[in-house]
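A.B. asks: Residue numbering for the sequence shown follows my numbering, beginning at 169 and increasing consecutively.
The C-beta atom is built at its ideal place from N, Cα and C for all residues, glycine as well.
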Amino acid sequence: MNGSNFQIEQQCPQCGAPIILDEADRILSCKFCRTRVYLAAEDIFHFYIPPAGGISEPIYFIPYWRMKGLSYTIKEKDLNIEYQGRSFSYSITSTVNGIDIANKYFDINFLSLDSRLLPHSLGLRPQAMKLKFVGSNPNEGKFLKFSPASRDAFINDYQTRNGGIQKAIFIGETASVIYSPVYCLGDRVYDAILKKPLDLQKKDAEVEQTLISSAEEKWHVEFIPMLCPDCGADLPGEKDALIVFCDNCHSAWSPSNKNFIKVKFLTWQEKEEDITYLPFWQLKVKVGGIQLETYADLIKAANLPKVYSEEWTKTPLYFYAPAFKLNPALFLRWCRQLTATPHPKDLIANFPVKKIHPVTLPINEALESSLLTLVSLIANKKHLAELLPSLNITLEDYSLVLHPFKISSSEFVHTKIGFGMEKSALNLGTYL
Numbered sequence: 169m170n171g172s173n174f175q176i177e178q179q180c181p182q183c184g185a186p187i188i189l190d191e192a193d194r195i196l197s198c199k200f201c202r203t204r205v206y207l208a209a210e211d212i213f214h215f216y217i218p219p220a221g222g223i224s225e226p227i228y229f230i231p232y233w234r235m236k237g238l239s240y241t242i243k244e245k246d247l248n249i250e251y252q253g254r255s256f257s258y259s260i261t262s263t264v265n266g267i268d269i270a271n272k273y274f275d276i277n278f279l280s281l282d283s284r285l286l287p288h289s290l291g292l293r294p295q296a297m298k299l300k301f302v303g304s305n306p307n308e309g310k311f312l313k314f315s316p317a318s319r320d321a322f323i324n325d326y327q328t329r330n331g332g333i334q335k336a337i338f339i340g341e342t343a344s345v346i347y348s349p350v351y352c353l354g355d356r357v358y359d360a361i362l363k364k365p366l367d368l369q370k371k372d373a374e375v376e377q378t379l380i381s382s383a384e385e386k387w388h389v390e391f392i393p394m395l396c397p398d399c400g401a402d403l404p405g406e407k408d409a410l411i412v413f414c415d416n417c418h419s420a421w422s423p424s425n426k427n428f429i430k431v432k433f434l435t436w437q438e439k440e441e442d443i444t445y446l447p448f449w450q451l452k453v454k455v456g457g458i459q460l461e462t463y464a465d466l467i468k469a470a471n472l473p474k475v476y477s478e479e480w481t482k483t484p485l486y487f488y489a490p491a492f493k494l495n496p497a498l499f500l501r502w503c504r505q506l507t508a509t510p511h512p513k514d515l516i517a518n519f520p521v522k523k524i525h526p527v528t529l530p531i532n533e534a535l536e537s538s539l540l541t542l543v544s545l546i547a548n549k550k551h552l553a554e555l556l557p558s559l560n561i562t563l564e565d566y567s568l569v570l571h572p573f574k575i576s577s578s579e580f581v582h583t584k585i586g587f588g589m590e591k592s593a594l595n596l597g598t599y600l
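1. Just to confirm before moving on: does the CB-CB distance between P231 and K310 stay below 9 Å?
2. To the nearest angstrom, how far is it from the Cα of F200 to the Cα of L395?
3. When we look at the beta-carbon of G340 and count the other beta-carbons within 10 Å, is it buried (16 or more) or exposed?
4. Identify the continuous beta strand (DSSP E) that holds D190 and give its terminal residues.
5. Which ranges does the alpha helix (DSSP H) cover as unbroken runs of at least 4 residues, wholly within the segment 532-582, from first to last along the chain?
6. Please report how far the alpha carbon of A321 lies from the alpha carbon of S315, in whole angstroms.
7. Under the rule that 16 or more other beta-carbon atoms within 10 Å means buried, what is G171, buried or exposed?
8. Can you tell me whether DSSP reads G597 as helix, strand or coil?
9. Pick out whichever of L281, K298, R501 has its Cα sitting closest to the Cα of S318.
10. By Cβ distance, which residues of its chain are closer than 7 Å to T541, with the 5 residues on each side in sequence left out?
11. Does the Cβ-Cβ distance between T528 and A192 come in under 9 Å?
12. Looking at A547: is its Cβ nearer than 9 Å to the Cβ of A470?
13. Work out the CA separation of Q182 and N277 for me, nearest whole Å.
14. How many Å lie between F573 and W449 at the Cα?
15. Give, in chain order, every unbroken run of the alpha helix (DSSP H) that is at least 4 residues long and sits entirely within the segment 286-312.
16. Could you tell me which whole alpha helix (DSSP H) segments of length 4 or greater appear in the segment 362-390?
17. Rounded to the nearest angstrom, how far is the Cβ of D351 from that of Y228, given a contact under 8 Å?
18. What does N610 pair with, by DSSP beta-bridge criteria?
19. Can you give me the C-alpha to C-alpha distance between F274 and I337, rounded to a whole angstrom?
20. Compare the C-alpha of P526 against each of D268, S422, Q179 and name the closest.
21. Taking the straight line between their C-alpha atoms, what separation do you get for M297 and A209?
22. State the beta-bridge partners of S419 as determined by DSSP.
23. So is E438 buried or exposed if we call it buried at 16+ other beta carbons inside 10 Å?
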């Protein structure tokens with residue numbers, strides 16, 4: 169298990185047996201009564217750190233944002249271009265605007281309450297202690313309402329501190345709210361885990377008033393039976409899968425609050441044996457300010473080394489993104505490679521009986537990657553830099569496409585286009 173992940177204690181909703189879940193788990197399986205349910209939430213998951221025992225005072229739970237995933241920053245940069253004469257010796261250097269994409273992995277938590285006195289971070293507590301779902305114990309205490317705006321404020325502050333950033337994009341982001349317990353005793357506010365007073369610069373009364381007056385958060389996790397809504401068959405699936413497939417009626421399903429909704433999917437079918445299908449999102453998007461409707465438009469805009477074909481003027485352009493997590497550089501490379509490859513003609517709405525790698529990246533995260541793909545492909549960086557602040561990308565349609573890969577000793581190789589992916593990269597992606 170990755171050291172940056174945390175664990176959750178949860179009782180089986182059927183028999184009450186204790187179950188330990190990993191942060192990314194979405195399917196709860198009970199080994200005692202064999203109940204299998206999907207864990208769903210209306211927005212994001214809410215967890216809390218249980219307080220120490222023996223506290224009789226009311227417990228208040230302070231909300232903290234927890235964000236983990238891939239971070240990309242798009243920055244303007246100056247490119248120095250030197251021109252040299254052929255007939256006689258001279259050189260002229262000019263500076264033009266270009267664009268640079270930087271990436272990294274991030275794992276942070278920060279206070280989601282308007283207070284300058286409370287601790288601004290949980291540190292390593294979520295990784296060091298087992299958490300619980302908010303709502304699992306209705307008598308635990310008061311959970312203070314978190315501020316969704318604090319996440320946007322963090323992103324804006326991130327861009328300000330790293331000057332020159334035009335866009336900060338988070339892909340594969342695992343966002344949740346984690347609550348930390350405190351209580352009031354005498355004239356002090358105490359950490360309910362260590363039972364020690366917090367250092368609030370002698371303003372405990374001000375913080376106590378904030379705790380009392382703040383609105384209360386009401387939340388609970390939803391349990392969806394793992395049964396196909398169409399045929400009633402059991403739905404198999406890896407524990408971290410965001411989409412589950414029905415082997416019986418060949419349908420695909422994604423959780424939506426208290427129900428499953430059907431997902432459109434296609435397969436790039438392969439007749440060979442021993443095939444593993446990796447899922448990719450296929451996105452039809454509208455890019456404001458840039459003509460990108462067909463594959464011919466992309467060839468022109470990206471200056472791709474392709475011989476002109478009349479057929480490509482009628483071939484729609486689709487953006488692609490892995491529907492699973494990879495390291496930042498490799499994720500963007502696959503976005504580029506598949507988007508720059510002509511759209512396959514032989515996609516079919518058929519369910520492969522072969523192995524399917526689980527979907528762990530949702531469609532909204534894939535849409536975020538479209539801007540990165542666009543920036544990395546477009547040849548005229550100067551023009552793109554001018555458009556970037558007001559560039560608008562709208563999702564018009566999407567499908568999940570299952571691509572065939574052959575497994576060699578060290579990598580997965582795409583059987584149709586020959587691109588390879590290291591096995592280790594796919595394995596490491598499960599920890600992001």
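C.D. replies: Considering the structure as presented:
1. As a first step, residue 231 must be located in the sequence shown, where it is residue number 63. As a first step, residue 310 must be located in the sequence shown, where it is residue number 142. Result no, Cβ atoms of P231 and K310 do not sit closer than 9 Å.
2. Numbered from its first residue, the sequence shown carries residue 200 at position 32. Numbered from its first residue, the sequence shown carries residue 395 at position 227. Cα to Cα, the separation comes out at about 19 Å.
3. Sequence index remark: in the sequence shown, residue 340 carries index 172 (1-based). G340 should be labelled buried.
4. Taking the first residue of the sequence shown as 1, we reach residue 190 at position 22. Its beta strand (DSSP E) spans residues 186-190.
5. Segments of the alpha helix (DSSP H) lying fully in the segment 532-582: 549-555.
6. As a first step, residue 321 is located in the sequence shown; it is residue number 153 there, counting from the start. As a first step, residue 315 is located in the sequence shown; it is residue number 147 there, counting from the start. The straight-line gap separating the alpha-carbon atoms of A321 and S315 is approximately 10 Å.
7. Position 3 of the sequence shown holds residue 171. With a pLDDT of 45 at G171, under the threshold of 50, the modelled position of this residue cannot be trusted, and the question is left open.
8. Indexing the sequence shown from 1 puts residue 597 at position 429. DSSP places G597 in the helix class (H, G or I) of the three-state scheme.
9. Within the sequence shown, residue 318 is the residue found at index 150, counting from 1. S318 has its Cα closest to that of L281, out of L281, K298, R501.
10. Numbered from its first residue, the sequence shown carries residue 541 at position 373. For T541, where only same-chain residues beyond five positions count, the Cβ hits under 7 Å are F487, C503, R504, T507.
11. Stepping through the sequence shown from its first residue, residue 528 is reached at position 360. Stepping through the sequence shown from its first residue, residue 192 is reached at position 24. Cβ distance < 9 Å, so T528 and A192 count as in contact.
12. Walking along the sequence shown from the start, residue 547 turns up at place 379. Walking along the sequence shown from the start, residue 470 turns up at place 302. Closer than 9 Å, so yes.
13. Taking the first residue of the sequence shown as position 1, residue 277 is located at position 109. Taking the first residue of the sequence shown as position 1, residue 182 is located at position 14. Spanning the two alpha carbons is a distance of roughly 33 Å.
14. Translated into the one-based positions of the sequence shown, residue 573 becomes position 405. Translated into the one-based positions of the sequence shown, residue 449 becomes position 281. For F573 and W449, the distance between alpha carbons rounds to 16 Å.
15. For the segment 286-312, the continuous alpha helix (DSSP H) assignments of 4+ residues that do not extend past its boundaries occur at 293-296, in sequence order.
16. Whole alpha helix (DSSP H) segments, 4+ residues: 372-381.
17. Counted from its first residue, the sequence shown places residue 351 at position 183. Counted from its first residue, the sequence shown places residue 228 at position 60. Looking at the sequence shown, residue 351 is not Asp but Tyr. With 8 Å as the limit, Y351 and Y228 qualify as a contact, their Cβ atoms being about 7 Å apart.
18. Any property of residue 610 remains undetermined from this structure, which presents the chain solely from 169 to 600.
19. In the sequence shown, the residue the question calls residue 274 occupies position 106. In the sequence shown, the residue the question calls residue 337 occupies position 169. F274 and I337: Cα-Cα distance of roughly 12 Å.
20. In the sequence shown, residue 526 corresponds to position 358, counting from 1. Residue S422 is the option with its Cα nearest to P526.
21. Counted from its first residue, the sequence shown places residue 297 at position 129. Counted from its first residue, the sequence shown places residue 209 at position 41. Cα-Cα distance, rounded: 22 Å.
22. Position 251 of the sequence shown, counting from 1, holds the residue named residue 419. Looking at the DSSP output, S419 sits in a beta bridge with C414.
23. On the sequence shown, residue 438 is found 270 positions in, with the first residue counted as 1. E438 is buried by the Cβ-count criterion.
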